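FYI, the numbering used here numbers position 1 of the sequence shown as 3, with every residue one higher than the one before it. First up is the structure itself, then whatever we jot down about it.
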Amino acid sequence: MGEASIDIYDLAVQAGSKAINRIDKSTMNNIISVFQGNPDADKAFKELILYIARQTGRREIDRSVSRVMLSHLKNMYERYKGDELRENVSRYLTLMKWVYESNVTGVSSFKEFINRLAK
């Protein structure tokens, strides 16, 4: 739970905040389900990327949101493997969903997010 864990909160805030009003709630839930649906972390990751690309092409995910998500996910894929990849991607997607459901827009860090909530 070192530096990588702290970064994941900022990443989730960036993506979740941007996704508000740009992704349908069912699509957000499906993103998580697709990743959790395959026990092999590498295959689950690849299926997640393909699903996000598909939903972006179908205009179910705004292109600006998918760019942010795909950039974050690409960095995780390059940094982690196996169970560590699964754990970090799963955490990222869950936290992103929570930020999305908070309806706090226009924030790019966990600090900004909590400051907005505390006002």
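C-beta: ideal position from N, C-alpha, C; glycine also. Just so it is clear, the structure is predicted and the values come from calculations on it, not from any experiment.
Rounded to the nearest whole angstrom, the CA to CA distance from E86 to M30 is 22 Å. Per DSSP, the beta bridge partners of I25 are I63. The alpha helix (DSSP H) runs lying completely inside the segment 60-99 and spanning 4 residues or more are 65-81, given in chain order. Residue environment analysis places A120 among the exposed positions, since fewer than 16 neighbouring C-beta atoms fall within 10 angstroms of its C-beta. Put simply, the backbone Cα of V106 is about 8 Å away from that of R118. In this structure G39 is exposed. Its beta-carbon is surrounded by fewer than 16 other beta-carbon atoms within 10 angstroms. Cβ-Cβ separation between R93 and I10: approximately 6 Å, consistent with a contact (criterion under 8 Å). Judged by beta-carbon spacing, L97 lies beyond the 8 Å limit of I33, meaning their Cβ atoms are not closer than that value.
Spatial neighbours of F112 in its own chain (CB-CB distance under 6 Å, excluding positions within 5 residues in sequence) are listed in chain order as Y11, D12 and V15.
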